[in-house]
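Trainee: Below is one structure. I have some questions about it.
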Amino acid sequence: MADPVTTTPTTVDTPAGLRRERRGWYLYDWANSAFQTTVITVFLGPFLTTVTELAAGCELGADTCDGYVHPLGVRVAAGSYYPYLISLSVLLTVFVLPVVGAIADRTVHKKRLLAGAAFTGAGATIAMALVTGDRYLLGGALFLVANIAFGAAVVVYNSFLPQLAGPDERDAVSSRGWAIGYLGGGLLLALNLVAVTLLSEDDNPQRTLDLARWSIVSAGVWWAVFTLVPLRWLREHPTTEALRGAGRNVVTDGFRQLGRTLREIKAYPLTLFFLLAFLVYNDGIQTVITLASQYGTEELRLGQSTLIVTILLVQFLAFGGALALGALARRIGAWKTVLLSLVLWTGVIIGAFRLPAEAPLPFMILGGAIGLVLGGSQALSRSLFSQLIPAGKEGEYYGFYEISDKGTSWLGPLAFGLVFQLTSSYRVGLVSLLIFFVVGFALLAAVPIRRAIVAAGNTPPRVL
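Shown next as structure tokens:
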């Protein structure tokens, strides 16, 4: 078992200092959520696709574009360029994140690693200001850098959690972080959507494209500026192993440690079993989030304004949902609360299947339900996993966790797409996602969670 960390919260920590450090940790979620909401969820896909269509010779504002581009000599349909970039970024992330996590565990300067990843991602996002005309290759390269850096920073950020809260406080601390993140991401997105609505002109597609570009840039600025606060308020929590190796090359040590962990991880089969359960049910969650807009436009024939309002509704209700499920976890435990959230997700899928077409209000109500259950299921999964990590290996294991989060996010869309291809029905395709929540529930329910925590060398919380 790894040596324990040297600075785990105990009664000797000053309450004021610990509260300040936790607030700093919360604010990184506030900072980086702008990238996830403003950039990934709303603006980047349409923006980069439009730039790619211009490079393919299509007219700005055209309803359809059948043109092709040739990145690195490969013939790619303009409309497929962005989805291919997402797939490439996922592939690269699978290789990068465990290495970053291993380095985070071996360095005595974890804050510098967080700063490097965050500012790299924010800088690449800000540099989207240079993606003008038909510079689709520049836009693609900047997206790859930003998205990989985003994931790397999240791994380092998550690895602070076990050192900021003991077993009985971890669910609440994780939930507050998610809640603050949804609030920050929603606020900037709301400001950008207001700006686009007020300043765009129906007969001027170039203006709309420029507004999307500067909205993306604003997310990079937001990310960079608010990252300064956690970098100031967080403290270093080096492991004994990191202190012992101070002065050595942390990159080389990180690769060696990752190799050892990959060989030793089979000693924690229950932790791996939890990761499998998370992989399954989280893929269902991510697919619902990803395809909700497509379902709303294609199957329910709803307008863009309805989708925008629903996106904002999800963001702000997720703030309350994360706190509410965090409070419930204090009473019944995180494990049972996550299981309950999966039951609620099943209800969301069934409700979505029964939604009437061209009816904005029921769609918004369902979006509100998604918001309430979304934040809590994600926050409590993160804190529950922190209990299953051997002490001193937080970064490495959160690297694997992020791979489970992002590296398999193609399974749900693949199932949805195959069912749609066979049935030509978005409703049936959506119902096919029930399998992820049912199987995920069964796998998670089968994890003997208290025994898994003890097997990892940790003390179980009083309530599980």
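Heads up: the sequence shown begins at 1 in full-length UniProt numbering, then just goes up one per residue.
Positions of the beta carbon are idealized from the N, C-alpha and C atoms, including for glycine.
Predicted model only: the values in this text are computed from it and were never measured.
Taking the continuous alpha helix (DSSP H) assigned at I216, which residues delimit it?
Mentor: Residues 205–233.
Trainee: Rounded to a whole number of angstroms, what is the C-alpha to C-alpha distance between A224 and A153?
Mentor: Approximately 12 angstroms, taken between the alpha carbons.
Trainee: Grouping DSSP H, G and I as helix and E and B as strand, with all else coil, what is V76?
Mentor: In the structure shown, V76 sits in a strand (DSSP, three-state: E or B).
Trainee: Using only alpha-carbon positions, find the residue among V42, T107, G151 that is nearest to T120.
Mentor: Comparing Cα-Cα distances from T120 to each of V42, T107, G151, the minimum goes to G151.
Trainee: Can the beta-carbon of L444 be found less than 9 angstroms from the beta-carbon of W335?
Mentor: It is a contact, given that the beta carbons lie within the stated cut-off.
Trainee: Would DSSP call V69 helix, strand or coil?
Mentor: It is a strand residue.
Trainee: Could you give the DSSP three-state label for R330: helix, strand or coil?
Mentor: Three-state DSSP puts R330 in a helix.
Trainee: Straight-line CA distance for P413 to T287?
Mentor: Going by the C-alpha atoms only, they are around 6 angstroms apart.
Trainee: Curious, which full-length alpha helix (DSSP H) runs of at least 4 residues does the stretch 356–434 contain?
Mentor: List check, alpha helix (DSSP H) in window: 360–386, 394–402, 411–423, 426–431.
Trainee: If you follow the alpha helix (DSSP H) that G123 is in, where does it begin and where does it stop?
Mentor: Run containing G123: 110–126, per the alpha helix (DSSP H) assignment.
Trainee: Would D3 be called buried (16 or more neighbouring beta carbons within 10 Å of its own) or exposed?
Mentor: With a pLDDT of 41 at D3, under the threshold of 50, the modelled position of that residue is not reliable, and the figure given next carries that caveat. D3 is exposed by the Cβ-count criterion.
Trainee: Which class does G166 belong to by DSSP, given the choice of helix, strand or coil?
Mentor: In this structure, G166 counts as coil in the three-state DSSP scheme.
Trainee: Is the CB-CB distance between S159 and A165 below 9 angstroms?
Mentor: No; because the gap between Cβ atoms is not below 9 angstroms, this pair is not in contact.
Trainee: Give the single residue among L430, S305, N282 whose Cα lies nearest to the Cα of V439.
Mentor: Here the closest residue by C-alpha is N282.
Trainee: For D210 versus P461, is the C-beta distance shorter than 9 angstroms?
Mentor: No, these two residues do not count as a Cβ contact at 9 angstroms.
Trainee: Is the separation between the beta-carbon of W233 and that of W25 shorter than 9 angstroms?
Mentor: Yes, the pair counts as a contact, with Cβ atoms nearer than the cut-off.
Trainee: Just the Cα atoms here: how many angstroms apart are L434 and G321?
Mentor: Using only the alpha carbons, I get a separation of about 22 angstroms.
Trainee: Would you kindly report the start and end of the unbroken alpha helix (DSSP H) that includes G24?
Mentor: Per DSSP, G24 belongs to the alpha helix (DSSP H) from 15–34.
Trainee: If you measure between the beta carbons of G220 and A141, is that distance less than 9 angstroms?
Mentor: Not closer than 9 angstroms, so no.
Trainee: DSSP state of Y268, grouped into three classes?
Mentor: In the structure shown, Y268 sits in coil (DSSP, three-state: anything other than H, G, I, E or B).
Trainee: Using only CA atoms, which one of V373, G259, I332 lies nearest to G347?
Mentor: Ranking the options by Cα distance to G347, first place goes to V373.
Trainee: Less than 9 angstroms between the C-beta atoms of L161 and S386, yes or no?
Mentor: Contact: yes.
Trainee: Express the C-alpha separation of G73 and F316 in angstroms, rounding to a whole number.
Mentor: Their backbone Cα atoms lie some 44 angstroms apart in a straight line.
Trainee: Ordered along the chain, which non-local residues of its own chain (more than five positions away) have a Cβ less than 8 angstroms from that of S89?
Mentor: Hits under 8 angstroms: F143, L144, N147, I148.
Trainee: Would you tell me roughly how many angstroms separate the C-alpha atoms of R20 and F278, rounded to the nearest one?
Mentor: C-alpha separation (whole angstroms): 31 angstroms.
Trainee: Below 9 angstroms between beta carbons: does that hold for N192 and T38?
Mentor: Result yes, Cβ atoms of N192 and T38 sit closer than 9 angstroms.
Trainee: Restricting to Cα atoms, I'd like to know which of A442, P238, E396, R263 is closest to F95.
Mentor: Taking only the C-alpha atoms, the option nearest F95 is E396.
Trainee: Comparing alpha-carbon positions, which option in V338, E298, V217 lies nearest S425?
Mentor: The residue with the shortest Cα to Cα distance from S425 is E298.
Trainee: Measuring straight from C-alpha to C-alpha, what distance separates I449 and A16?
Mentor: Approximately 32 angstroms, taken between the alpha carbons.
Trainee: Going by C-alpha distance, which of T459, F47, R382, G399 is nearest D105?
Mentor: Among T459, F47, R382, G399, the Cα nearest to that of D105 belongs to G399.
Trainee: So what does DSSP say about P461, is it helix, strand or coil?
Mentor: Reduced to three states, the DSSP call for P461 is coil.
Trainee: Verify whether the separation of the beta carbon atoms of I459 and G367 is less than 9 angstroms.
Mentor: Ile is not the amino acid found at residue 459; the sequence shown has Thr there. Contact: no.
Trainee: Mind reading off the beta-carbon distance from F437 to I370? Whole number of angstroms is fine, and I expect it under 8 angstroms.
Mentor: The pair is not a contact, with the Cβ atoms about 13 angstroms apart (cut-off 8 angstroms).
Trainee: How many angstroms separate the CA atom of G392 from the CA atom of I103?
Mentor: Going by the C-alpha atoms only, they are around 12 angstroms apart.
Trainee: For L418, count neighbouring C-beta atoms within 10 Å of its own C-beta (all shown protein chains included) and say buried if the count is 16 or more, exposed if not.
Mentor: Exposed, since its Cβ has fewer than 16 Cβ neighbours within 10 Å.
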